[in-house]
Amino acid sequence: MRRPITALLRVCAVLAVLLALLAPSSARAGKNSMIPPGQEQRIRALVDEAIAATRAAGELPVEIEETVDIHIDRDRIRVLVRPRTTSPSAALVWLVVFHPDAVPEDVVGALAPGVVLRCGAPGTPRDCTPDEAAPWGPLAGRIAEARAPVADQIWQVEEQPVVARAEDSGPAPRSMVWADRGAAIGAALLGLGLAVFGASTRRDGPGAIRWSELCALALLLALFVGATLKFTVLLPLHEHNSFIARSDCAVEPRCTEDPAGAWNMTTMHVYGLVLSSLPYRASVLSAVSLVSSVVVLILLWALARVLMRALGRPELGAVAGLSAVAVLATHPVAWRLAGSATFWPWVIAWTFGAALAGLWASSACADEDRRTRIAGALAWIVAATCLAVACGGNFVLLTLGVGLGLGPLCWTRAWAGETSWRAALLRLVIVGVPALGMFALVATQDYFAGYARAFAESGLDDSVRVGAMIRELNPLLLDRRISALVWAGPLVLALAWLWPSAGARRAWLDPLRTLLPLVYLWLVPAAFLGLAAAEVVGSGYPVGFINHHWELCFTALGAGLGVAWLVAELERRRPLDQLLGGRAPAWLSWSRAVPSALALLALGLGPRADEGWRFATGERVLERELVALEAAFAELPEHDVLIVPPRVLEPTTDAPSQWDPLEVVFPAGFYAHAMRERGLEPARVVSLDRMTELELRPGARVLLYLGSSLRSYQPHEIEAGAVDDGLERPPLLRVHDDWEFERAREFVVATAQHEAISQRLGADRQAEVELGFFWLRPR
Numbered sequence: 002m003r004r005p006i007t008a009l010l011r012v013c014a015v016l017a018v019l020l021a022l023l024a025p026s027s028a029r030a031g032k033n034s035m036i037p038p039g040q041e042q043r044i045r046a047l048v049d050e051a052i053a054a055t056r057a058a059g060e061l062p063v064e065i066e067e068t069v070d071i072h073i074d075r076d077r078i079r080v081l082v083r084p085r086t087t088s089p090s091a092a093l094v095w096l097v098v099f100h101p102d103a104v105p106e107d108v109v110g111a112l113a114p115g116v117v118l119r120c121g122a123p124g125t126p127r128d129c130t131p132d133e134a135a136p137w138g139p140l141a142g143r144i145a146e147a148r149a150p151v152a153d154q155i156w157q158v159e160e161q162p163v164v165a166r167a168e169d170s171g172p173a174p175r176s177m178v179w180a181d182r183g184a185a186i187g188a189a190l191l192g193l194g195l196a197v198f199g200a201s202t203r204r205d206g207p208g209a210i211r212w213s214e215l216c217a218l219a220l221l222l223a224l225f226v227g228a229t230l231k232f233t234v235l236l237p238l239h240e241h242n243s244f245i246a247r248s249d250c251a252v253e254p255r256c257t258e259d260p261a262g263a264w265n266m267t268t269m270h271v272y273g274l275v276l277s278s279l280p281y282r283a284s285v286l287s288a289v290s291l292v293s294s295v296v297v298l299i300l301l302w303a304l305a306r307v308l309m310r311a312l313g314r315p316e317l318g319a320v321a322g323l324s325a326v327a328v329l330a331t332h333p334v335a336w337r338l339a340g341s342a343t344f345w346p347w348v349i350a351w352t353f354g355a356a357l358a359g360l361w362a363s364s365a366c367a368d369e370d371r372r373t374r375i376a377g378a379l380a381w382i383v384a385a386t387c388l389a390v391a392c393g394g395n396f397v398l399l400t401l402g403v404g405l406g407l408g409p410l411c412w413t414r415a416w417a418g419e420t421s422w423r424a425a426l427l428r429l430v431i432v433g434v435p436a437l438g439m440f441a442l443v444a445t446q447d448y449f450a451g452y453a454r455a456f457a458e459s460g461l462d463d464s465v466r467v468g469a470m471i472r473e474l475n476p477l478l479l480d481r482r483i484s485a486l487v488w489a490g491p492l493v494l495a496l497a498w499l500w501p502s503a504g505a506r507r508a509w510l511d512p513l514r515t516l517l518p519l520v521y522l523w524l525v526p527a528a529f530l531g532l533a534a535a536e537v538v539g540s541g542y543p544v545g546f547i548n549h550h551w552e553l554c555f556t557a558l559g560a561g562l563g564v565a566w567l568v569a570e571l572e573r574r575r576p577l578d579q580l581l582g583g584r585a586p587a588w589l590s591w592s593r594a595v596p597s598a599l600a601l602l603a604l605g606l607g608p609r610a611d612e613g614w615r616f617a618t619g620e621r622v623l624e625r626e627l628v629a630l631e632a633a634f635a636e637l638p639e640h641d642v643l644i645v646p647p648r649v650l651e652p653t654t655d656a657p658s659q660w661d662p663l664e665v666v667f668p669a670g671f672y673a674h675a676m677r678e679r680g681l682e683p684a685r686v687v688s689l690d691r692m693t694e695l696e697l698r699p700g701a702r703v704l705l706y707l708g709s710s711l712r713s714y715q716p717h718e719i720e721a722g723a724v725d726d727g728l729e730r731p732p733l734l735r736v737h738d739d740w741e742f743e744r745a746r747e748f749v750v751a752t753a754q755h756e757a758i759s760q761r762l763g764a765d766r767q768a769e770v771e772l773g774f775f776w777l778r779p780r
């Protein structure tokens, strides 16, 4: 009777802890508004409608440019209005548009409900005088009218109390950060201890780890790291430098949401702990990414070994594990992704760790040895925690939460009769509740955020269909442009594990149960990511490759299983010694010959897959610019304000386009770290599109960074002839009207890069383009 009572007390204790942890986040109430991503077109439409109506009524005080500048600042829209003819800078005005129910303090002196006017020359914004504001009243009123029917679609409103905030106080510190970090550290340390314990209990018998296997694994890891350092540019990789922005968020304690969208805060919390303990530079981010990728390969090897034991063929564990590692160690695309400084190696490592711990725990809990059963119970908790950290990665990985139930259900030994269903259910209560508690502790806020995102206006839409997912699910190992097709056959042969043995009843059910959770972990996120990636060598290049990182690692596991099946069949039907007439050396067998031959073949044929090889070895403009920037940061003169290019630039033409607007993130975190290393305090960093809001003191030292995006154009802009003769985009041209440029630190960047990249530096007219830093002097 004591055991059920003890189990019940444990359940109550865990539930009490969960309620205590979740209650603060559930007790929030009040009102707050923000504009989510994806509303640009709707906002542009309402502003254009209001301007057209005001112009038609003859109520515009001056003729203005056809296209006005629109900027979104979290909960407000700034509409910058410029006269079409040359006018004094004091005539510059912009309208600030709020939600109709905005906080009263934000809309003091509004011309229309929720519409405020600001005046002043660039750098000296001020409130408009009544005489200046009055002529703009009709336009403000029509903007308010056009906003009314679409306000609920543009703004997301959360009911919260309005709380006064001091001027110098920043955003509230993010919550649950140390809960996430503590859970991750505990799971990693406990998992490492369990790995040592598991290896020590399997020193003999089939499937035991041999020194020769460890040497082969070390050789493959050395090949992987060496090829990455030799053939690839070990720098952050992305079309927009978005993962640099995410890394900046990870090390910034007051960052409470992914600045580029798509990723949960658990990754920011845990990954930020690693990044904040190291010098914050581009090379360090890539080094952390490479180390995470090495960990992925080690966990992949271990997972394949444990999986072969679960399939009843432990003697093939070394073949499956080393073959799976060989797939990635010989693949050029995997080399470049390893040092890309994305978060994918990090979350893939946690996912493999969760699968490894859960699969090992399923057999350990049914062991006769009491210590092994206890270790198995702890391994389930480790698996749940690792899965929670993985779910806290990209939003699509929230679908991995199904594995919390699917894994234990499929992997329990009650199916094989090694334990009773009653014992399995008892373990579910005693072990499952603490495991579920750890999962909820880490992942609850991520699921709340994911739910809000999925059902927001800019969330799931009609494009997310099963048919589209299936069409876009294109494994890289089967694409001859990207991969040598050496591993395609083994990948298909992995399905042979589901083929029933001769004379065995329902023999297909056991391998199906064993593989089903892993197939789910692979296919469901890969389907969503494939939909996001679309054509790998297409308009989003190179993001398509980044989104295929997940499926590449899981298909490597499948290829390893296929090689193991092939070796088993060859050994059964025609042993190598028999094939060679008894003259084969004692150490030579199919288990060594087949994986080695495939690895060497893949390594030799890799460069023939031209798109994969170009991706791995090619350089991009943003990478060259990043190297030059970090060198420039070490020599920048002291300054008070740094003006940087806008993150997103408006197109210079209305011509239809398959590309997103031109977008590049300035590496503000690298800049701040470099300045502090020199003993200087980083200056205030201001986006060029908000420069007019600056209130500069007399004599302020203003430095402008003329980055690649300000001298780049997209293919549809080039085809439409919407390219300035001086290769400068409109925001930069407007700065010339009010400021003189004086060289401070320049550098040259080559423009050559893959033709699929939408950002064409110099509009493909020059081999090199000058970029750099300039002093701004008022005219």
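Quick note: the sequence shown uses the working numbering, first residue 2, plus one each step.
Quick reminder that beta carbons are idealized off the backbone N, C-alpha and C, glycines included.
Here the structure is a predicted model, which means the values were calculated and not measured.
When only Cα atoms are considered, residue 211 and residue 307 end up about 15 Å apart.
Residue 316 holds the alpha-carbon nearest to the alpha-carbon of residue 205 among 177, 316, 295, 143.
Here DSSP, grouped into helix, strand and coil, assigns residue 249 to helix. For residue 120, the pairing in a beta bridge is given by DSSP as 94, 127. Contact between the stretch 263 to 276 and the stretch 230 to 250 is established, with three or more Cβ pairs separated by less than 8 Å. Sixteen is the threshold: since fewer than 16 other Cβ atoms of the shown chains lie within 10 Å of the Cβ of residue 520, the residue is exposed.
For residue 225, the enclosing alpha helix (DSSP H) covers residues 212 to 232. In the DSSP assignment, residue 688 falls within the beta strand (DSSP E) that extends over 685 to 688.
Looking at the DSSP output, residue 774 shares a beta bridge with 706, 746. Residue pairing of residue 779 in beta bridges, as defined by DSSP: 740.
Between the alpha carbons of residue 328 and residue 283 lies a distance of about 27 Å.
Between residue 645 and residue 709, the C-beta gap is not smaller than 8 Å, which leaves the two residues out of contact. By the CB criterion at 8 Å, residue 515 and residue 339 fall outside the cutoff. Counting C-beta atoms within 10 angstroms of its own C-beta, residue 255 has fewer than 16 neighbours from the protein chains shown and is therefore classed as exposed. Restricting attention to 253, 580, 196, 84, the CA atom closest to the CA of residue 669 is found in 253. DSSP links residue 761 through a beta bridge to 714. Contact between residue 310 and residue 318 holds, since their C-beta atoms are separated by about 6 Å, short of 8 Å. Counting only unbroken stretches of 4 or more residues, the alpha helix (DSSP H) elements lying wholly within the stretch 584 to 623 are 591 to 606, 611 to 618, in sequence order. Closest by C-alpha distance to residue 567, out of 360, 333, 320, is 320. Between the stretch 259 to 272 and the stretch 360 to 374, the count of C-beta pairs closer than 8 Å stays below three; the two stretches do not touch. For the pair residue 761 and residue 578, the Cα-to-Cα distance works out to about 59 Å. Assigned with DSSP and collapsed to three states, residue 751 falls in strand. DSSP lists 65 as the bridge partner or partners of residue 84.
DSSP places residue 483 outside any alpha helix (DSSP H), giving it a letter other than H or E. In this structure, the alpha-carbon of residue 636 lies about 8 Å from that of residue 746. Where residue 580 is concerned, the enclosing alpha helix (DSSP H) starts and stops at 577 to 580. With at least 16 other beta carbons inside 10 angstroms of its own, residue 432 counts as buried.
Around residue 571, the same chain offers 591 as residues with beta carbons nearer than 6 Å, after the five sequence neighbours per side are excluded. With three or more CB-CB distances shorter than 8 Å, the stretch 388 to 402 counts as touching the stretch 437 to 454. Beta-bridge pairing by DSSP links residue 113 to 116.
In the same chain as residue 633, and ignoring 5 residues on each side of it, the C-beta atoms closer than 8 Å to its own belong to 746, 748, 773, 774, in chain order.
According to the DSSP secondary-structure assignment, residue 264 is paired through a beta bridge with 395. For residue 233, the closest alpha carbon among the candidates 143, 648, 342 is that of 342. DSSP places residue 144 within a helical segment (H, G or I) once states are collapsed to three. Annotation: the continuous beta strand (DSSP E) that includes residue 643 extends over 642 to 645.
Taking the Cα positions, residue 648 is about 31 Å away from residue 483.
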